[in-house]
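Counting in the UniProt record's numbering, the sequence shown runs from 1 upward without gaps.
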Amino acid sequence: MPPPPAAGDTPPSFASAITTPDGWHPRTAERRLLHLLHHCPSARGRPLELLAFAVRRALPCAPPSPHHHALAALLLLSSPTPPALPLLRLVPPDPVPPLPLLNAAAKALSASSPADAFRLLSTLRRLHAPDRLTFLPLLGCASSLPLLTALHSLVLRLGFLSHHAISLALLKPYPLPHARVLFEEIPQRNRCVVAYNTLVTACLRAREIPAARRLFDEMQRHRRSRRSVVSWNLMIAGCARCGRDDMAVWCFERMVREGEVAPDDGTLAAVLPACGRSANVGAGRWAHEYARKAGLLDSTVHVANAVVDMYCKCGDVDSAKEVFKEMRRRSVVSWNAMISGFSLNGHGVEGIELFQEMRGHGVEPNASTFLGVLGCCAHAGAVDVGREIFQSMLSEHGIEPAIEHYGCMVDLLGRSGLLEKAHALIQGMPMKPNAAIWGALLSACRAHAGLGIAEVALKELIDLEPWNSGNYVLLANLYAETERWEEAGELRRLMRRMSVNKDPGQSVIEEPEFQLTTCLVELANMRFISTAVMIEQSYCRPQRHTKLPPQLLPMLSSQTADVEDEPPTGRPLLDPEVATPSLRDEDEV
């Protein structure tokens with residue numbers, strides 16, 4: 001029988017360590033496994049194989065070994081955590097399992113089976129006096145406010161609330177009003193950056209951006225709570241998640257200008273989508289240039305993917321193609337971003353060619369890839385290619401088409417004038433069509449004068465979303481184009497009876513001197529007037545009197561104002577709560 005490894009031996013490879021002769025005694029296998037867990041960190045990342053080895057070789061030992069509990073605890077603390085319940089059943093009840101083992105089991109169960117974790121807490125309290133490590137994982141998996149309150153009371157009664165880790169763990173699961181009260185109870189000397197970050201996240205989750213900003217600004221007043229890059233990333237991502245893309249871009253500009261910490265890949269991954277959604281190509285180019293100089297485009301694929309996606313959403317396909325070609329490493333997300341960008345901007349043929357190139361490189365497409373390429377087929381009018389790609393999803397790639405893929409096919413057939421086939425495809429779908437499916441068919445009917453199918457589509461849309469004015473307007477315009485004025489008027493009257501109002505349209509005009517946003521509101525007599533105009537000054541220019549083009553003067557609600565720019569010594573930060581962030585000229589990026 002080969003001897004077990006000594007404590008000072010070089011750690012064995014994982015494959016050789018878990019392959020033991022059948023003649024080994026369980027105690028020998030147990031010592032070998034303990035040695036492996038202590039000296040081979042990579043082995044702890046493969047807990048299922050370790051668990052199988054322990055069950056097969058080390059644990060079936062009678063009488064129980066004194067190392068059983070240590071072995072089980074080490075297995076439970078592996079990452080990712082193996083199934084805890086099968087392992088605990090193999091641990092002998094006598095002698096009583098020590099507290100570290102039960103704490104490790106509670107940690108493992110809190111991730112996979114919270115109910116069993118709380119049942120284990122009841123058993124643990126009968127056997128031992130719990131410590132603060134017992135409660136840390138349980139506080140994170142409390143799924144209801146009464147359960148969380150009960151844990152809070154128990155922690156308070158046992159005297160663990162003064163521990164900094166416990167107070168931080170309590171902040172995260174509580175709703176915002178309760179978290180604020182708990183935060184105020186923390187002494188100022190203990191309010192570290194983690195505590196502030198947790199409460200800022202809670203405010204942003206509750207969409208209370210002003211409160212989050214106040215906390216964010218307060219962090220700089222105290223030494224222990226100096227803002228880290230995580231703090232800035234939370235603020236930028238939280239504003240974007242709340243729909244305040246302008247605020248997210250402003251926070252990024254402020255972060256770079258103040259220079260407290262340098263943006264990282266998480267910062268750029270949060271701000272670049274915000275630039276794309278708000279079509280702020282100036283700020284997007286600035287972020288792209290920063291990523292290039294910092295070397296983040298080459299080191300992190302997801303930053304390059306975000307740059308490609310941003311340019312595509314801003315309509316700058318050429319810049320997106322340039323970034324895509326310069327990428328040293330590409331994931332399937334990289335290909336999807338570029339293909340979807342071609343689809344978004346109407347470059348159907350280029351998108352189909354890129355899909356074929358992707359297949360040639362051996363990259364396996366996913367469901368998002370097919371959404372993008374089917375959209376490209378719709379823009380290119382490639383009906384046969386689209387059908388072939390759609391049929392290959394299940395037959396070649398094993399991807400079940402979702403309702404979004406059927407919507408792309410309906411759009412493809414409808415754009416090509418095949419309204420009957422599009423309607424037949426909808427009727428043969430394995431799932432119930434949604435409003436997007438019928439809306440695509442209705443739009444195609446207007447383009448190809450398909451009145452009969454359009455009326456069917458509108459009836460379905462009224463059942464699905466009676467509040468959507470766009471559906472009524474599409475059919476009313478189709479009636480008007482075919483000179484069926486009576487039906488068009490009846491549809492307008494139906495909108496008034498159902499209290500459906502047409503949403504105002506908006507236009508944005510970007511100039512080097514100003515940004516103009518107009519809003520058109522439809523009145524009851526079908527006339528349109530301009531009701532809102534916003535003019536924003538540019539910065540870093542000499543003082544001057546800025547005048548609008550004559551054709552824009554009737555749209556203003558007041559006289560032309562004197563626009564005085566800031567002196568060139570420094571550009572002030574624009575607060576999005578007061579004014580919309582300025583657009584930076586491309587020569588200033």
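Cβ coordinates follow ideal geometry from the N, Cα and C atoms, glycine included.
Quick one: is V303 buried, meaning 16 or more other Cβ sit within 10 Å of its Cβ, or exposed? buried
In the structure shown, what three-state DSSP assignment does C445 receive? helix
K293 - DSSP class collapsed to helix/strand/coil: helix
Spatial neighbours of L127 within its chain, please: C-beta separation below 6 Å, excluding the five flanking residues on both sides. V96
Could you name the residues of the same chain whose beta carbon sits closer than 8 Å to that of A480, not counting the 5 residues immediately before and after it, in chain order? A488
Have a look at R416 and L474 and give me their C-alpha separation to the nearest angstrom. Residue identity check: residue 416 is Ser in the sequence provided, not Arg. S416 and L474: Cα-Cα distance of roughly 18 Å.
C-alpha gap between L296 and D217, whole angstroms: 28 Å
For T369, name the three-state secondary structure that DSSP assigns. helix
Three-way DSSP call (helix, strand, coil) for K459 in this model: helix
Would Q220 and R214 be called neighbours here (beta carbons separated by less than 9 Å)? no
Which residues mark the beginning and the end of the alpha helix (DSSP H) in which R157 is found? 145-158
Exposed unless 16 or more other CB atoms sit within 10 angstroms - verdict on P210: exposed
Inter-residue Cα distance where the pair is G266 and H448: 46 Å
Distance check for D245 and V308, CA to CA, integer angstroms please. 18 Å
Based on Cα-Cα distance, which residue from N477, L442, G450, L451 lies nearest to E460? L442
What is the DSSP secondary structure of G386, reduced to helix, strand or coil? helix
Decide if L156 is buried, meaning its Cβ has at least 16 other Cβ atoms within 10 Å, or exposed. exposed
CB of S343 within 9 Å of CB of V373, strictly: yes
Give the DSSP-derived three-state secondary structure of C192 in the structure shown. coil
Between which two residues does the alpha helix (DSSP H) carrying P466 extend? Neither: P466 is in no alpha helix (DSSP H) and is coded neither H nor E.
Is K172 helix, strand or coil when you go by DSSP? coil
Would you kindly work out how many angstroms separate the C-alpha atoms of A346 and G407, rounded to a whole number? Here residue 346 is Gly; the residue named in the question, Ala, does not match the sequence. Cα to Cα, G346 sits roughly 17 Å from G407.
Where V271 falls, given that 16 or more other Cβ within 10 Å makes a residue buried: buried
Chain-order list of residues whose beta-carbon lies under 8 Å from that of T369 (same chain, five-residue window excluded): V332, W335, N336, I339, F355, M358
For W467, count neighbouring C-beta atoms within 10 Å of its own C-beta (all shown protein chains included) and say buried if the count is 16 or more, exposed if not. exposed
Looking at the secondary structure, which residues open and close the alpha helix (DSSP H) in which N233 lies? 229-241
Assuming R493 and A476 are in contact, meaning their beta carbons sit under 8 Å apart, how far apart are those beta carbons, in whole angstroms? About 10 Å separates the two Cβ atoms, so there is no contact after all.
Option in E465, P187, M235, N233 with minimal Cα separation from R224: P187
For K432, three-class secondary structure by DSSP: coil
Quick check: the Cα distance between Y472 and L451, rounded to an integer number of angstroms? 13 Å
Looking only at its chain, what residues have a beta carbon closer than 7 Å to the beta carbon of M526, apart from the 5 residues adjacent to it on each side? The predicted model places M526 with a pLDDT of 38, which falls under 50 and marks its position as unreliable, so this point remains unresolved.
For H379 and G414, believed in contact at Cβ under 8 Å, the rounded distance: Not quite, the Cβ-Cβ distance comes to about 13 Å (not below 8 Å), so this is no contact.
Any Cβ of chain B within less than 9 Å of the Cβ of N336? Absent from the structure: chain B. Only one protein chain is present.
Helix, strand or coil for P401? Go by DSSP, reduced to three states. coil
Taking the alpha carbon of R254 as the reference point, which residue from P273, N233, H152 has its own alpha carbon closest? N233
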